[in-house]
Structure formats: C-alpha cells, structure tokens
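Everything on this sheet refers to the single structure shown next.
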Amino acid sequence: MVRFVEWMSAKKALQRAPSSFVCSPEDTVEIAFLGHSCFRLRGKEVTLITDPYTPAPGDAPIKAQADIVTISHDHSRHNQALAVAGEPRIINGPGEYEIRGVLISGVATFHDSASGKRLGGNTVYVIQMDDLRLCHLGDLGHVLSTEQVDEIGAVDVLFVPARGPVIDAAQAAEVISQIEPSIIVPMHYAASDEAGLATIEKFCHEMGLRQIVPQPKLNVTRASLPPETQVVVLEAR
C-alpha cells in the first residue's frame, strides 16, 4: 500500500477510479453519496446509512431505507435517523457493535481541535461489511492520536470531510497519511452550489488530483481495491 507521507512530499498525482471498480453484484459493496456526510452502503445482506441529515435549501430529501444508521454527532445535519425508512438499528456513539453480520467500531474523537470544548464530541465509525473495512470520519475536527489510529486499524475506503467547521484540506491530508486507505471519498460539502464545487476542487487539488470526474456510485470488493491510493468523487443523489 502506498505510504502517504512519501506521496504528500512528492505530490504524486492520484488517478481517478477506473471502470474496473464495477464488480459482480453478489460480492460487492455499493456506495452511493446522498449528500453532505450521508452515504448508503449496500452489501449482500445489509444496507447502512451514515449521518442522515435535515435538508438545507437546495438539498434533496433523503429517500432511502436501511437496516443500520450510524450518527457521528448530535446535529440536525447528521442525526436525522427518522428520515430513513425501514426501522433501522441506530448507532449513536463509541463502542463495538455487531448487527446482522456487520461489525461496527465507534471510535471517540472530537468535533474541534480543543478536545470538544467548542463543538463537542464526534464518533468515527469503522464498518466491516462483506470483507471490506470502511471508515466514516464524521465531523472530525483534529488530527488523530496514535491511540485513535490504532483503534481505527486498517481501512479500505475512507470517507473524509472536505471543508469546515472540521479538518481543513491540509489536516485531511495528514489524517489520510495516518490511516493509509486504498480509496478516499470526500464528503461534507454542498454538491449543489458553486461554493461547494470550489471546495471539492480545492480538496482534490490538495490531494494531488487534477482531473475531477464525479461518478454516480462506487462498487467495490476486496479484489478490486486499487494498488495505489485513489480519490473517488461521487455525485450526490
């Protein structure tokens, strides 16, 4: 796996995800971006929604059904579990969980760089689904400690906030260097306005990605993980 410390110093350009990510449906985790920090992860048996939100002007309402909902922190843009159909099991905080074969680890972090004194706590979730490890950083507000990195462990797909009031692009690059994922998916930006698009362009530029080609969804298996780390920008549904 590529080491991001070396990659950042060399500013090596990352490739966008190729069409080879599309795999057979029986062993695929399908990832769809529903806006803000909300994703739908659909495995063989279970569907999980991260950080469902109250729509802001310009946002479409969430139209999704799930078995599991994870909530990173108590804010209306991240905690609207009632917007998700299907009577899902709701996870809202640190701990170890196993639901229908999906293993979830909630790692305690903070929403700011002052140990939560300004904005409170935040939970980073590591989700093991169908032989993949996916990590959702929520509204992480700081670089990770050694202990938090150890708790998170190996990560295949990392969902990273692209703008504040959380880590900025430079801090995001440092967090990425700590975790060393195979795939980076940016989040926490407004995909429907010019400011949001400018944010994602700045983030991708910081990551070394020059060409942005948003994709409607990402289908991935362990066998399809890229040999070098890649940034994948998803279209909001």
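Numbering (our numbering), first residue to last: 854 to 1090. Beta carbons: idealized from backbone N, C-alpha and C, even for Gly. Computed from a prediction, not measured in an experiment: that's the story for all the values here.
Apart from sequence neighbours up to five positions away, the residues of its chain that approach G896 with a beta-carbon distance below 6 Å are V882, M982 and D983, ordered along the chain. Nearest to I1065 by alpha-carbon distance, out of L993, S1035, Q1083 and H1041, is Q1083. The count of Cβ pairs closer than 8 Å, one atom from the region 1018–1025 and one from the region 915–929, stays below three, leaving the stretches out of contact.
Bounds of the beta strand (DSSP E) holding I943 are R942 to I944.
Rounded to the nearest angstrom, the gap between the Cα atoms of Q933 and P908 is 10 Å.
Note that the C-beta distance between G946 and T976 is below 8 Å. For A961, no alpha helix (DSSP H) run applies; the uninterrupted beta strand (DSSP E) run containing it begins and ends at V955 to F963, by DSSP. V1002: not part of any beta strand (DSSP E); member of the alpha helix (DSSP H) spanning T999 to I1005, first to last residue.
With respect to the 8 Å criterion, V1010 and L990 are not classified as neighbours on the basis of their beta carbons. Assignment of R893 by DSSP, reduced to helix, strand and coil, places it in the strand class. With respect to D992, S925 sits close: the two C-beta atoms are nearer than 8 Å. Annotation for G959: I944, G946, P947, G948, T976 and Y978 place their beta carbon closer than 7 Å to its own, counting only its chain and skipping 5 residues before and after. Under DSSP, A1089 takes part in a beta bridge, and its partners are F886.
L894 and D920 do not touch by the CB rule: their CB atoms are close to 10 Å apart, not below 8 Å. Inter-residue distance for E898 and R953 is about 8 Å (C-alpha atoms, whole angstroms). Annotation: the continuous beta strand (DSSP E) that includes I1036 extends over I1036 to M1040. With respect to the C-alpha of S998, the residue from Q1024, A1015 and L985 having the closest C-alpha is Q1024.
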